[in-house]
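Okay, so here's the structure we're looking at.
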Amino acid sequence: VSTRGGEPGDYASRLLSGDRLALARVISKFENRDRDSGEVLRGIFQKTGRARVWGITGPPGAGKSTLVDQMVRRLRSRGLQVAVVAIDPSSPFTGGAILGDRIRMQDHSSDPGVFIRSLGTRGKQGGLSHATLETVLALDAAGYDVVLVETAGVGQTELEVLGLAQLVLVVLVPESGDSVQMMKAGLLEIADLFVVNKSDRPDADRLVQHLSGVLDLGTPGRRRPEVLKSQATAGTGVDELVSHLLQLASEDDPERRRRNREFLKSEVLHILTERLQNSVRQAFETSSGIDILSQLESRQMDPITAADLLAGS
Ligand SMILES: Nc1nc2c(ncn2[C@@H]2O[C@H](COP(=O)(O)OP(=O)(O)OP(=O)(O)O)[C@@H](O)[C@H]2O)c(=O)[nH]1
Ligand SMILES: [Mg+2]
């Protein structure tokens with residue numbers, strides 16, 4: 140063991156040997172885009188690919204966190220180590236729930252087989268999925284058997300983040316009937332399993348039937364997702380849910396592989412885009428960059444020519 144604890148190689152090896160503090164530090168590095176995060180990632184990447192990564196999404200307040208908490212319990216009782224990545228919703232409406240999540244999740248804080256982490260939605264497009272992917276890779280390398288990624292909402296960012304999940308669980312509530320229409324905007328395509336939570340409320344069965352009807356129409360090349368019911372606050376239906384996800388995870392699904400390939404592709408694109416943006420931003424600081432800028436201002440040079448020049452520099 141090296142005495143120089145700050146070296147990227149040390150972080151990687153400490154993480155791989157199960158050091159939770161190192162794991163937390165590595166995730167922060169990834170989130171903050173520290174200079175040495177690339178090297179740390181290279182040091183752990185070979186050890187990834189083993190964890191089951193499940194996305195949990197659905198409308199705000201549907202009970203995702205309550206359900207995740209219950210799923211953690213069930214997975215733990217099956218002897219599996221579980222990590223939870225909660226994407227902090229940017230929506231002001233759900234801000235208060237985060238605190239609630241944290242308090243609830245503290246129940247697991249004494250269990251070394253559980254690791255919980257929140258990631259913020261700050262940063263620009265692509266930044267979050269990037270940080271989430273790297274966080275999931277770190278958790279995977281650290282040996283967690285299942286990584287649950289909770290995202291709220293059904294916006295573009297959330298859909299993008301869910302691309303990294305091998306399975307996507309969509310949580311709805313009996314009142315979500317109307318939003319089934321809206322879900323056609325993408326969620327329906329990526330869902331592997333639906334759960335109608337808050338089944339203690341009226342109309343849960345109606346939504347199950349309605350959703351089943353929609354799903355029966357089918358998506359070509361896709362397995363028809365099941366629709367289950369749960370009451371997360373009482374823990375009802377959670378065992379069936381977990382069993383079903385474990386079963387799905389054990390089956391090979393070409394669509395899932397395709398989705399994962401697309402995600403990896405878009406991640407590399409994000410990395411390249413970010414690099415190019417950074418290098419061009421830096422180029423604008425140099426004397427020739429400043430010169431190009433003034434030529435642009437005085438209309439002596441057009442933006443396309445400027446881009447060509449900067450890309451070549
Ligand atoms: N009646 C009932 N209430 C539930 C059930 N599951 C969760 N709740 C309640 O619904 C509220 C929201 O639950 P959360 O687990 O925070 O929901 P969430 O989807 O994580 O919310 P956001 O992260 O803010 O989008 C809480 O008050 C829960 O106690 C359920 O099965 N039945
Ligand atoms: Mg939540």
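Per this note's numbering, the very first residue in the sequence shown carries number 140; after that it's consecutive. Where is the CB? At the ideal position from N, CA and C, for every residue including glycine. None of these values were measured; they are calculated from a predicted model.
Extent of the continuous beta strand (DSSP E) to which residue i belongs
| i | result |
| --- | --- |
| Thr290 | Element bounds for Thr290: n/a, residue is neither H nor E. |
| Arg191 | 191 to 196 |
| Glu365 | 365 to 368 |
| Leu258 | 253 to 258 |
| Leu311 | 306 to 311 |
Any non-hydrogen atom of ligand 2 within 7 Å of residue i CB
| i | result |
| --- | --- |
| Ala304 | no |
| Pro390 | The sequence shown places Glu at residue 390, not Pro. Every heavy atom of ligand 2 is 7 Å or more from the Cβ of Glu390, so no. |
| Ser204 | yes |
| Ala291 | yes |
Cβ-based burial, residue i [other Cβ within 10 Å; buried from 16]
| i | result |
| --- | --- |
| Asp208 | buried |
| Gly234 | Because the pLDDT at Gly234 is just 40, under 50, the model does not fix this residue reliably, and the value given afterwards should be weighed accordingly. Label assigned to Gly234: exposed. |
| Asn96 | It is not possible to answer for residue 96, since the shown part of the chain is limited to 140 through 452. |
| Ser204 | buried |
| Ser167 | exposed |
| Ser437 | exposed |
| Asp227 | buried |
| Leu326 | buried |
| Pro147 | buried |
| Leu216 | Checking the sequence shown, residue 216 turns out to be Ser, not Leu. Exposed, since its Cβ has fewer than 16 Cβ neighbours within 10 Å. |
Integer-rounded CB distance, given that residue j should sit under 8 Å from residue i
| i | j | result |
| --- | --- | --- |
| Ser458 | Val300 | Past the edges of the chain, shown from 140 to 452, lies residue 458, and the structure says nothing about it. |
| Val377 | Ser369 | 6 Å |
| Leu456 | Leu276 | The requested residue 456 does not occur in the structure, where the chain is confined to residues 140 to 452. |
| Pro341 | Pro313 | 7 Å |
Proximity test, residue i beta-carbon vs ligand 1 heavy atom, cut-off 7 Å
| i | result |
| --- | --- |
| Gln295 | no |
| Arg256 | no |
| Lys368 | no |
| Asp339 | yes |
| Gly200 | yes |
| Asn417 | no |
Residue i - containing alpha helix (DSSP H), residue span
| i | result |
| --- | --- |
| Ala445 | 442 to 451 |
| Phe333 | That residue, Phe333, is in no alpha helix (DSSP H); its beta strand (DSSP E) goes 332 to 335. |
| Asp343 | Checking the sequence shown, residue 343 turns out to be Ala, not Asp. Start and end: 343 to 355. |
Any non-hydrogen atom of ligand 4 within 7 Å of residue i CB
| i | result |
| --- | --- |
| Gly197 | Ligand 4 is absent from the structure shown, which contains only ligand 1 and ligand 2. |
CB contact below 8 Å: residue i versus chain C
| i | result |
| --- | --- |
| Asp279 | Annotation note: the requested chain C is absent from the structure, which comprises a single protein chain. |
Does the region 399 to 410 come close enough to the region 291 to 311 to have 3 or more Cβ pairs within less than 8 Å? yes
Taking contact to mean at least 3 C-beta pairs separated by less than 8 Å, is the region 184 to 195 in contact with the region 276 to 296? yes
Three Cβ pairs or more, each shorter than 8 Å: is that satisfied between the region 151 to 171 and the region 252 to 259? yes
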